[in-house]
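As structure tokens, the structure follows; a few thoughts come after it.
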Amino acid sequence: MRDNNIDFTIIEYLKKPLSTKSLTKICKLLAIEPDGLIRKNDSNFKVLGVNLSNMNYDQ
3 MRDNNIDFTI IEYLKKPLST KSLTKICKLL AIEPDGLIRK NDSNFKVLGV NLSNMNYDQ
């Protein structure tokens with residue numbers, strides 16, 4: 003991105019979690035549902051046993 007002179011902001015989400023508003027904005031920009039941000043095949047996620055089919059946009 004730097005090589006193409008594209009402005010960007012690095013967000014260190016592990017140090018400071020994103021707000022619901024920020025996550026919603028990102029999903030809209032990417033045209034994805036919130037579960038598209040989740041690493042569903044990650045072992046840490048699988049351990050949680052979360053059923054994403056029951057989730058809605060506010061959860």
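Numbering follows our numbering, in which position 52 of the sequence shown is assigned residue number 54; successive positions increment by one, without gaps. Quick reminder that beta carbons are idealized off the backbone N, C-alpha and C, glycines included.
Hey, how far is the Cα of residue i from the Cα of residue j?
i, j, result
"Val52", "Glu35", "16 Å"
"Ser21", "Asn46", "21 Å"
"Asp44", "Met57", "18 Å"
"Leu50", "Lys42", "11 Å"
"Tyr15", "Leu25", "11 Å"
"Asp9", "Leu31", "16 Å"
"Met3", "Ile13", "15 Å"
Between the Cα of residue i and the Cα atoms of the options, which residue gives the shortest distance?
i, options, result
"Lys27", "Asn7, Lys17 and Leu39", "Leu39"
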